[in-house]
């Protein structure tokens, strides 16, 4: 598939995600759920990029455009679904920046899996942790100005570990060491999410998860 066709696929995917999110918002769906639809839908484009082997500059370019769109949306209601929960957070901007940084650092032979790990941990674990905490979190705790729930934090750990285990085992083959790395780094991802203010978890969680996985697998001679 040529570059033009690749770009058309990515643009169609993103347009579909945002169109669906805007439709949900028009149906009075809770703003947090709408944001998570965007969060998960946009993040999963990395699987399409991995399958089609998008050039690094294309992925970084898309991330920069999305980051600019996110910043603009804080001032102009071009896509209200991006910022529909009534709180001050630059999470959407950090989300786009982290994708760009991961692609810049890891989008090369033998390392692409780490970019995918960082992005999908942010995409699935962070999103589901937020939804579980908001909808079913009963056991609350506070860290400074942050109020979290243990249900949400444990969801972050479990889903992060599962995402990493599936990707690492799928890429390198089964090994108990890879499962141990997944669970350990999943715990770190939970800690980063717990300690992040102003949406910074969309930066610290993906970058921390990917970088720590990469460093540990280098130490274990997988790379």
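Numbering (our numbering), first residue to last: 3 to 225. Note that the Cβ used here is the ideal one computed from N, Cα and C, for glycine as well.
Local Cβ density within 10 Å of residue 2, reported as buried at 16 or more and exposed below that:
For the chain, the structure presents residues 3 to 225; residue 2 sits outside this window and is missing.
Give the DSSP bridge partners of residue 136, in chain order.
According to DSSP, residue 136 bridges with nothing at all.
Excluding the 5 residues preceding and the 5 following residue 166 in the sequence, name in chain order all residues of the same chain whose CB lies nearer than 8 Å to its CB.
119, 123, 183, 184, 187, 188, 211 and 215
Tell whether a beta-carbon distance below 8 Å holds between residue 105 and residue 65.
yes
Counting along the chain, where does the beta strand (DSSP E) carrying residue 27 start and finish?
That residue, residue 27, is in no beta strand (DSSP E); its alpha helix (DSSP H) goes 5 to 28.
Spatial distance of residue 17 from residue 107 (CA atoms)
27 Å
Does the beta-carbon of residue 56 have 16 or more other beta-carbons within 10 angstroms, so that it is buried, or is it exposed?
buried
Quick one: what does DSSP say residue 97 is sitting in, helix, strand or coil?
helix
Going by DSSP, name the residue or residues bridged to residue 150.
143
When burial is assigned at 16 or more other CB atoms within 10 Å of the CB, is residue 37 buried or exposed?
buried
With H, G and I counted as helix, E and B as strand and the rest as coil, what does DSSP make of residue 221?
helix
If residue 208 and residue 100 are in contact, beta carbons under 8 Å, what's the gap, nearest whole angstrom?
5 Å
Start and end of the alpha helix (DSSP H) containing residue 92?
That residue, residue 92, is in no alpha helix (DSSP H); it is neither H nor E in DSSP.
Integer Cβ distance of residue 42 from residue 126, believed to fall under 8 Å
7 Å
How many whole angstroms separate the CB atoms of residue 154 and residue 171, which I take to be in contact at a CB cut-off of 8 Å?
No, residue 154 and residue 171 are not in contact; Cβ-Cβ is about 26 Å, not under 8 Å.
Under 8 Å between the Cβ atoms of residue 174 and residue 168?
no
According to DSSP, is residue 123 helix, strand or coil?
helix
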